[in-house]
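Take the sequence shown: its letters are residues -17 to -1, 1 to 759, numbered as in mature numbering (1 follows the signal peptide of the UniProt record, and there is no 0).
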Amino acid sequence: MRTLLIILGLAATTIFARPNESPANASAAAASTYWYANVLHNGINPGLSKNWVVFRNVRDHGARGDGVTDDTIAIRTALAIGDNSIAARGSGWWGTTGQPAVVYFPPGTYVVSSTIQNLIGTVWMGDPTDRPRLKASKDFSGTTMIAGADKYLNGPVGFYTEMKNLVFDSTAVSASANLTLVDWNVSQGCQLSNSGLEMPKGAKGHVGIRAVGKNSPLLLNDLEVRGGGAGYVGESMQYHFKNVYFKGVETGIKPANVVQMTVQGCRFEDVTTGVDMSGGTLRLLNMIDSTASNTETLVKADEKQSGTVGSIVLENVLVDSTVSSTVKAGDSSLLTGSIATGTTWIRGNIYTGRSPSSKPEKLTGQKISTSRPSALVNGTGFYHTVKPPAYADFSLEQIVNVRDVAAHPVKGDGETDDTASLQAILNDAAKAGKVAYFPHGTYILKDTLHIPPNSRLWGESFTELSGAGPLFQDPRKSKPVIQVGRPGDTGVAQFTDFVFTARDILPGAVLVEVNMAGAKPGDVGFFNTHIRLGGALDNKANECPTVEECRAVHIAAHLTSSSSSYWENSWAWTADHDLDGWDGFAAYPSPAGGFLIEAQKGTWMLGWGVEHFALYQVNIVNAANVFVGIQQGEASLYQGVGNSLLAPRPWESELLAGEPSFAWCAANDASCRMSIYQSVVNSTNINLYSGGYWTFAEGSNQTACNGDCQTNAVFYVRNSKLFSYGIAAINNANVVVERAPGGSEYVPVAKRADNQGFRKDGSDVAVVAAYLRQSG
């Protein structure tokens, strides 16, 4: 027990160390010394407005931050600034990507007396060296403090907004009131991180984060929740909770209608219930590397498990003697005590080498052995996690604004080729150990931009790096647009708050190629950095007459064999709809692949979504030491019955090594010749959690599925030490197809019919708790 308490204490001090922040009773606000507050802010809104202001300090708009003055109107004013000579911000005219803004809060306590409505494309950012506090007044009017989702663009179309380095506080509001601190009904491309949510203890009507309605987010990370009735209440297709500390709250996580969830590195202390998934409100839970103390029940399970609803996987979950039940269903305790490193506890359908090839074994709460490669874990056996960088210890002199270097002029205007100037600036910044700050804009790259070791790139409200030009247009000669290191390089290369995209149709482009490995996890890192192909005003993929002519890039991201990288909250999206108010698609973009992973030294993917690519969303080939905390995917939009362009078309003549040929399908089988969600081939030490694969419609007319629209979701081919925990698939006949080591045939093993969980919005959902047939 003493050893366990030491480990629990270590988790608290290393993962959940509380940063400096403004005290609740601050009488005066302090000026921000953080570099970002004081750097030159000259971001632009390319092609839409010359008068646009991206950066807004709430102090410049009347906010006092003194803990007394009502700052509600000042904050709303900072949010609303745009170019009213054209249209008001938030009117809808600007679309999703056309109204970038950073609303900055210096240290202080900002009193809020009524709901503040967020707008899409906005980053709320506090000083990370002294986190500001947004505090609901004693007489607060309303039931929501911060409406984080845009009023018009929310739920499944609520993309690209962020809140970080803030404390949301309702401790002055009556404990008998009903109040949500942050309404977060958003989807991919959004992030709420490095923030606190503080409520009166015992206030059952106070909720930290609420999300009601259809949505599809990826990650909540590095948060502290104190007091209140619940930390999170909501609906979602999927969610990854990473390093969230729940203290003194009645229920930490209360899903309302969620398909799958990973809870990683979370701590529950002085909590009644850690995760309440009773009543079938959560179909699949992966809880890993988490701890609990002074907690009545860590996981409240579904009492009457129907099919595979309520599947649970616990791995490396440590509790002390004050925890009454680790897992409880109704009045019955299914598990007490810890699940130590190397052990996994499972409730749900499992496939092992002992299982019949066509049927799963249903476990009701049994332990099995699991191995984790040393390359992926820290000294306690937890998977490595990294807090997104803020460079809080950097001075202003250690920052270079790429649009403020006279010797190397950079425009970021979406038209000028900025490659040569950016290359010179990045080379100099790396040599000097400086952060390269990219004010908001669209930086055109007509040749490869090489990212040297010792690089730190900082974006602003989703700064765009956009490939263009003839050098990337030959599909027989793949060429990276952004190349992170040369093969064999070791060092630091970090990206924060970027979107990688392609202005032109570039069938020869690898949008991001990662060759570099870091000395430690996160040295090569991509934080809140996304990939978008089509869907926005600056993309020619919106103008394609046919799918064949819309091969936007070949691969979105290639992690080569020499690389080691860490990705957190990353969404690779081939557009399936209009973000910015133009007339829509004549044809859907058809890039070949999402992520091709051949890395062997250590790869970590957290809060990861990959959607609508033509051949595969994720292809892990000849790789080793890969951790996936969650992977969300959706099918390619034009594929399926009713479509004549069957995979591997339109790429059949330019397939790269390791890319699928679909030779296992009949020539005219449209349901079989659809993009693969996840393929793992000839790889070892692969640890996967929470794969969610959603096929909602089929064919060029996007007919809603009524049953199995797609034949195969996942392929596992000749692997060793492959542990796949938690696969949920919608409208896929075969959840897993395998080709075992030594085998010559592709065999559908995990079938939807054998793992039926429930129907969601008219769709059939299958849930597999564990697939371990290639774990030897």
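Where a beta carbon is used, it is the ideal one built from N, C-alpha and C, also for glycine.
Check: Three-way DSSP call (helix, strand, coil) for Ser5 in this model; Outcome: Because the pLDDT at Ser5 is just 43, under 50, the model does not fix this residue reliably, and the value given afterwards should be weighed accordingly. Ser5: coil per DSSP, three-state reduction.
Check: Proximal residues to Lys350 (C-beta, below 6 Å), its chain only, five neighbours per side dropped; Outcome: Thr326 and Trp328
Check: Reduced DSSP secondary structure (H/G/I, E/B, other) of Glu279; Outcome: coil
Check: Meets three-Cβ-pair contact criterion under 8 Å: the region 41 to 55 and the region 82 to 91; Outcome: yes
Check: Simplified DSSP state of Ser746, which is helix, strand or coil; Outcome: strand
Check: DSSP state of His44 mapped onto helix, strand, coil; Outcome: helix
Check: Nonlocal neighbours in the same chain, by C-beta distance under 8 Å from Gln739, ignoring five residues either side; Outcome: Gly290, Thr291, Asp747, Val748 and Ala749
Check: N-terminal and C-terminal residue of the beta strand (DSSP E) that Ser18 is part of; Outcome: Sequence inspection shows Trp at residue 18; the Ser mentioned does not correspond to that position. First-last for Trp18: Trp18 to Asn21, but that is the alpha helix (DSSP H), not the beta strand (DSSP E).
Check: Residue range of the alpha helix (DSSP H) that includes Asn738; Outcome: No alpha helix (DSSP H) contains Asn738, which DSSP labels as neither H nor E.
Check: Strand pairing of Asp66, partner residues [DSSP]; Outcome: Ala70
Check: DSSP-derived helix/strand/coil call for Val140; Outcome: helix
Check: Interface flag, Tyr19 vs chain C, CB-CB below 8 Å; Outcome: Absence of chain C from the displayed structure is noted, only one protein chain being present.
Check: Bounding residues of the alpha helix (DSSP H) (the contiguous stretch that carries Thr402); Outcome: Thr402 to Ala415
Check: Gly109 (DSSP reduced to helix, strand or coil); Outcome: strand
Check: Pair within 8 Å by beta-carbon distance, Glu635 and Val604; Outcome: no
Check: CA nearest to the CA of Asp110, picked from Gly48, Arg534, Gly235 and Ala492; Outcome: Gly48
Check: Residue from Leu516, Leu520 and Leu562 with nearest C-alpha to Ala540; Outcome: Leu516
Check: Three-state secondary structure (DSSP) of Leu579; Outcome: strand
Check: Nearest candidate by alpha-carbon position, reference Asn332, set Arg735, Gln583 and Gly248; Outcome: Arg735
Check: Helix, strand or coil at Lys523 [DSSP, three-state]; Outcome: helix
Check: Per-residue burial, Pro392 [other beta carbons within 10 Å of its own, 16 or more giving buried]; Outcome: exposed
Check: Which listed residue (Leu409, Lys429 and Tyr420) has its alpha carbon closest to that of Pro436; Outcome: Leu409
Check: Arg114 versus Gly336, Tyr374, Asn148 and Asn361, residue with shortest Cα-Cα distance; Outcome: Asn148
Check: Per-residue burial, Pro422 [other beta carbons within 10 Å of its own, 16 or more giving buried]; Outcome: buried
Check: Cα-Cα separation, Ser15 to Gly104; Outcome: 24 Å
Check: Secondary structure, beta strand (DSSP E): runs of 3+ residues fully inside the region 373 to 398; Outcome: 382 to 384
Check: Close Cβ partners of Ala155 (< 7 Å) along its chain, the five nearest in sequence each way excluded; Outcome: Lys118, Ala119, Ser120 and Lys121
Check: Where the beta strand (DSSP E) containing Thr163 begins and where it ends; Outcome: Leu162 to Asp166
Check: Alpha carbon of Glu637 to alpha carbon of Arg756, nearest angstrom; Outcome: 33 Å
Check: Beta bridge counterpart(s) of Val360 as assigned by DSSP; Outcome: Tyr366
Check: Distance CB(Pro183)-CB(Ala158) smaller than 8 Å; Outcome: yes
Check: Ala535 CB to nearest heavy atom of the ligand PLP below 7 Å; Outcome: What this structure holds is no ligand at all, so the ligand PLP is not there to describe.
Check: For Lys429 and Leu405, the rounded distance between their alpha carbons; Outcome: 12 Å
Check: Cβ pair Gly235, Val216 closer than 8 Å; Outcome: no
Check: Rounded separation between His463 and Glu532 - CA only; Outcome: The residue asked about is misnamed: residue 463 is Pro in this sequence, not His. The straight-line gap from Cα to Cα measures roughly 20 Å.
Check: Range covered by the beta strand (DSSP E) that runs through Met220; Outcome: Ala213 to Lys230
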